[in-house]
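Chemist: The numbers in the UniProt record's numbering rise by one with no breaks, and the one at position 53 of the sequence shown is 53.
First the structure, which I've put down as structure tokens, then a few questions once you've had a look.
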Amino acid sequence: VELSCCAWALTGREKDTLNTLADIGFNSIDIQAKTFQNPDAQSQIKDLGLALSCLAMSFNMDDGAALDSTSPTGRQTALDHCRAALDQAAGLSIKTTYVVPGSDPAGLPHFSETMLQVADYAAERGILVGIEHFPGTALPTAAGTLKYLADLGHDNLYLLLDTGHLQMSKEDPAAIIAAAGDRLTYV
Numbered sequence: 001v002e003l004s005c006c007a008w009a010l011t012g013r014e015k016d017t018l019n020t021l022a023d024i025g026f027n028s029i030d031i032q033a034k035t036f037q038n039p040d041a042q043s044q045i046k047d048l049g050l051a052l053s054c055l056a057m058s059f060n061m062d063d064g065a066a067l068d069s070t071s072p073t074g075r076q077t078a079l080d081h082c083r084a085a086l087d088q089a090a091g092l093s094i095k096t097t098y099v100v101p102g103s104d105p106a107g108l109p110h111f112s113e114t115m116l117q118v119a120d121y122a123a124e125r126g127i128l129v130g131i132e133h134f135p136g137t138a139l140p141t142a143a144g145t146l147k148y149l150a151d152l153g154h155d156n157l158y159l160l161l162d163t164g165h166l167q168m169s170k171e172d173p174a175a176i177i178a179a180a181g182d183r184l185t186y187v
């Protein structure tokens, strides 16, 4: 089992964050889009023996950008952001990425349209795309997210499973893992 920590769980300079994560025993970290991009950070990651296991694409988007935006311009800006994040992931040999859905269920058709394009772009680079179930969003439960993924039917869209969110939505982890099967990409 590989345990990874979201690097953004710590505040401060990237250099200090990397040192702290290595000091407390992590061998693997998750990063956000547009972070740890400078050569010094990448050298430090290598020197500390840290693996980059997942990239969170929906962070650090420009104002007005949203995967579920009613504005075509807002969706295109979000799509461009995700493509750049996937290029970043490919350059760092990260094979798993994910997004967090928007908060309005009415935006799911727009989210779906954009995510199909993100998934295609990622597949061309050999990168998996997870969608995180998140209470308070348009996909608040893991079970609902699995149904959503089945309805979309894209081979490169998966469930990113968050055990804390399972507790919040009162879902049984074992049942969700069994139901997810090969649609589970990251825990």
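C-beta: ideal position from N, C-alpha, C; glycine also.
Do you know how far the Cα of HIS133 is from the Cα of SER69?
Modeler: Walking along the sequence shown from the start, residue 69 turns up at place 69. Walking along the sequence shown from the start, residue 133 turns up at place 133. When rounded, the distance between both Cα atoms is 18 Å.
Chemist: Using DSSP bridges, identify the partner residues of GLU132.
Modeler: Within the sequence shown, residue 132 is the residue found at index 132, counting from 1. LEU160, per the DSSP bridge assignment.
Chemist: Taking 9 Å as the threshold (C-beta atoms), are SER53 and TYR148 in contact?
Modeler: On the sequence shown, residue 148 is found 148 positions in, with the first residue counted as 1. On the sequence shown, residue 53 is found 53 positions in, with the first residue counted as 1. No, Cβ-Cβ distance for TYR148 and SER53 is not below 9 Å.
Chemist: Taking 9 Å as the threshold (C-beta atoms), are LEU55 and ASP30 in contact?
Modeler: Walking along the sequence shown from the start, residue 30 turns up at place 30. Walking along the sequence shown from the start, residue 55 turns up at place 55. For ASP30 and LEU55, yes; Cβs fall inside 9 Å.
Chemist: Going by DSSP in three states, ASP47 sits in which element: helix, strand or coil?
Modeler: The count along the sequence shown starts at 1 and reaches residue 47 at position 47. The answer is helix: DSSP assigns ASP47 an H, G or I state.
Chemist: Taking the CB atoms as reference points, tell me whether ILE45 and ALA90 lie closer together than 9 Å.
Modeler: Here residue 45 is taken as the residue at index 45 of the sequence shown, counted from 1. Here residue 90 is taken as the residue at index 90 of the sequence shown, counted from 1. No, Cβ-Cβ distance for ILE45 and ALA90 is not below 9 Å.
Chemist: In whole angstroms, what separates the C-alpha of LEU108 from that of MET61?
Modeler: Residue 108 sits at position 108 when you count from the first residue of the sequence shown. Residue 61 sits at position 61 when you count from the first residue of the sequence shown. The straight-line gap from Cα to Cα measures roughly 18 Å.
Chemist: Drop a sphere of 10 angstroms on the beta-carbon of PRO101, count the other beta-carbons inside from all chains shown, and report buried for 16 or more, exposed for fewer.
Modeler: To locate residue 101, count along the sequence shown from 1; it is residue 101. Result: buried.
Chemist: Count the other CB atoms within 10 Å of the CB of GLU124; is the residue buried (16 or more) or exposed (fewer)?
Modeler: What you label residue 124 is simply residue 124 of the sequence shown in a count that begins at 1. GLU124 should be labelled exposed.
Chemist: Can you tell me where the alpha helix (DSSP H) with LEU79 in it begins and where it stops?
Modeler: The residue you call residue 79 lines up with position 79 of the sequence shown. Residues 72-91.
Chemist: Have a look at ASP104 and LEU146 and give me their C-alpha separation to the nearest angstrom.
Modeler: Taking the first residue of the sequence shown as position 1, residue 104 is located at position 104. Taking the first residue of the sequence shown as position 1, residue 146 is located at position 146. Between ASP104 and LEU146, the C-alpha separation is close to 18 Å.
Chemist: Going by the beta-carbon positions, is the gap between ALA7 and ALA84 smaller than 9 Å?
Modeler: Working through the sequence shown from its first residue, we reach residue 7 at position 7. Working through the sequence shown from its first residue, we reach residue 84 at position 84. No, the pair does not count as a contact, with Cβ atoms beyond the cut-off.
Chemist: For GLN42, which residues from the same chain have a beta carbon less than 8 Å from its beta carbon, with the 5 sequence-adjacent residues on both sides left out?
Modeler: Locating residue 42 in the sequence shown gives position 42, counting from the first residue. Once the five neighbours on either side are set aside, the close Cβ partners of GLN42 are PHE36, LEU92.
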